[in-house]
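Here the structure comes first, spelled out in structure tokens, and everything after it is commentary.
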Amino acid sequence: MKAILALADGTVFEGDQFGATGETVGEVVFNTSMTGYQEVLTDPSYKGQIVTMTYPLIGNYGCNEADVESIGPQVEGFVVREYSAYHSNWRSKWSLDTYLSEHGIIGIQGIDTRALTRRLRVHGVMNGCLSTEDSDPKSLIAKARAWHGLVGWDLVQRVTCPNPYAWRNSRQPSAISHQQEGVMPVENDVDGQTPKAESREPRAENYKVIALDFGIKYNILRQLTEHGCEVQVVPAKTTAEEILAAEPDGVFLSNGPGDPMPVGYAIETIRGLMGKKPLFGICLGHQLLGLALGGKTFKLKFGHRGANQPVKHLETDKVEITSQNHGFCVDIDSLPNSVDITHINLNDGTLEGIQHREYPIFSVQYHPEASPGPHDASYLFSRFTEIMRE
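In short: position in the sequence shown from 1, add 1437, done, that's the working numbering.
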């Protein structure tokens, strides 16, 4: 079946459909990772976006139950140069076509993804409409232009958990004892319901961590568990008072999709926690922390999405190759003097990490959990446990 991707600037790409059929709109972005397409598809930070993979061959190792970062695919649509109908891997359970079809995600293949990526780099990410139903380019362009976009839209409410739950790693049968220790009631226990990748034996320490779910990735939860944390995940609108009543050792601020500015309830929660508990933020959590500290955020032209972004750690002068997925950024010049800059993106000089001079608070814009991606920044989870120990 034919499929058409129309951009708001009037550009039209015609290709072949795979996955589901239908029609969708979203912000068209690109990811430069060579592998890890299933992790990309299931990353909640992509909610509201149609993702283009710059690597030309996608689908050759299929899909499985382990390499997921949330309950299912979160993207609005998927764009590739060439879809591999034949998949070969000992863990593969489904073809990418079957996986997308079962979850209602439209895919398009056979288009010039280099030309599409170049247009997005030159002109910036833009709204798009992907359809297998409407063959009129003018109609699809009009639908892309009519879509409201990501700015000012609270996407966190589309991906956060509805109720608190204890994260249970396959090698950690018991997590937070919510009934005995006075922690908020757990409505949904994910043990046995969500697939887990293999992990190391958890460390001996037992730090009670509450993770604010703005669209959290499973591998972040696995990393926290592997570093000796017992993690309870709570909805994004959980208040500072509710969190402090649970008496955690630390609070984690998760990644998530879209514009941080409309997520005012989370900013207020973070302000209520500053100076009272150790805080560690990643991606959207970093942006929300920046806003809570008095900073400002802005939208990047085409964002940072991929597993090969160079970041300089200013304290050590070392360069880390990082995995990233964000379209908004904290303005360096807007931050108060109480905040130190710890990491800088070497491609464009934008902010990648901060820490507070007085409080045990730090955050990074990139993804140290590396799923997919390199492991250069995994030390940040150890740093979180160190400040909780101190």
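We put the CB at the ideal spot given by N, CA and C, even for glycine.
- Excluding residues up to 5 positions away in sequence, GLY1732, LYS1733 lie with their Cβ nearer than 6 angstroms to the Cβ of SER1771 in the same chain.
- With the rule of 3 Cβ pairs closer than 8 angstroms, the stretch 1472 to 1481 does not count as touching the stretch 1444 to 1456.
- Setting aside the 5 residues that flank it on each side, LYS1736 is surrounded in the same chain by VAL1588, GLY1764, PHE1765, each with a C-beta closer than 7 angstroms to its C-beta; the list follows chain order.
- Listed in chain order, the non-local C-beta contacts of HIS1540 below 8 angstroms within the same chain comprise ALA1457, GLY1509, PRO1510, local neighbours out to five positions each way being set aside.
- Here ASP1446 has HIS1560, MET1563 as same chain residues with Cβ atoms under 7 angstroms from its own Cβ, once five neighbours each way along the sequence are excluded.
- ASN1656 and PHE1455 have their alpha carbons spaced roughly 28 angstroms apart.
- When the alpha-carbon of GLY1810 is set against those of TYR1796, SER1775, PRO1797, ILE1758, the nearest one is in ILE1758.
- If you draw a straight line from the Cα of GLY1740 to the Cα of LEU1730, it comes to about 23 angstroms.
- Nearest in C-alpha terms to THR1550, of all of VAL1516, VAL1670, SER1532, is VAL1516.
- Scanning its chain for C-beta atoms nearer than 6 angstroms, with the 5 sequence neighbours on each side dropped, one finds around GLN1746 the residues THR1759, GLN1761, in chain order.
- Counting along the chain, ASP1777 sits inside the beta strand (DSSP E) bounded by residues 1776 to 1782.
- Here GLY1463 carries a strand assignment [DSSP, helix/strand/coil].
- Nearest to LEU1592 by alpha-carbon distance, out of TRP1531, ILE1778, GLY1652, is GLY1652.
- In the DSSP assignment, no residue is bridged to LYS1674.
- Annotated three-state conformation of LYS1439 is strand, per DSSP.
- Secondary structure at LEU1751: coil, using DSSP grouped into helix, strand and coil.
- DSSP places MET1563 in the strand class (E or B) of the three-state scheme.
- The residues HIS1664, in chain order, have a CB closer than 8 angstroms to that of SER1819 in the same chain once the five nearest residues on each side in sequence are set aside.
- In the three-state scheme derived from DSSP, where H, G and I count as helix and E and B as strand, PHE1821 is classed as helix.
- Around the C-beta of PRO1599, fewer than 16 other C-beta atoms lie within 10 Å, and the residue is accordingly described as exposed.
- One thing to note: PRO1715 has its Cβ within 7 angstroms of the Cβ of GLY1687.
- Taking C-beta separations shorter than 7 angstroms and ignoring five residues to either side along the sequence, the partners of GLN1486 in its chain run GLY1463, GLU1464, VAL1466, VAL1512, GLU1513, following chain order.
- In this structure, DSSP gives ASP1534 a helical state, which the three-state scheme calls helix.
- The continuous stretches of alpha helix (DSSP H) do not include LEU1587, and DSSP gives it neither H nor E.
- Between the C-alpha atoms of ASP1754 and GLY1786 there is a straight-line separation of about 15 angstroms.
- For GLU1476, the enclosing alpha helix (DSSP H) stretches over residues 1474 to 1478.
- Judged by their CB atoms, ASN1468 and TYR1498 are not nearer to each other than the 7 angstroms cut-off.
- 7 angstroms or more divides the Cβ of ILE1680 from the Cβ of ILE1719.
- Judged by DSSP secondary structure, ILE1545 falls within the beta strand (DSSP E) whose first and last residues are 1543 to 1546.
- The Cβ-Cβ distance between LEU1577 and CYS1566 falls below 7 angstroms.
- With respect to the 7 angstroms criterion, THR1779 and LEU1817 are not classified as neighbours on the basis of their beta carbons.
- Within the same chain, GLY1452, ASP1453 come within 6 angstroms of GLY1547 by CB-CB distance, once the 5 residues on both sides are set aside.
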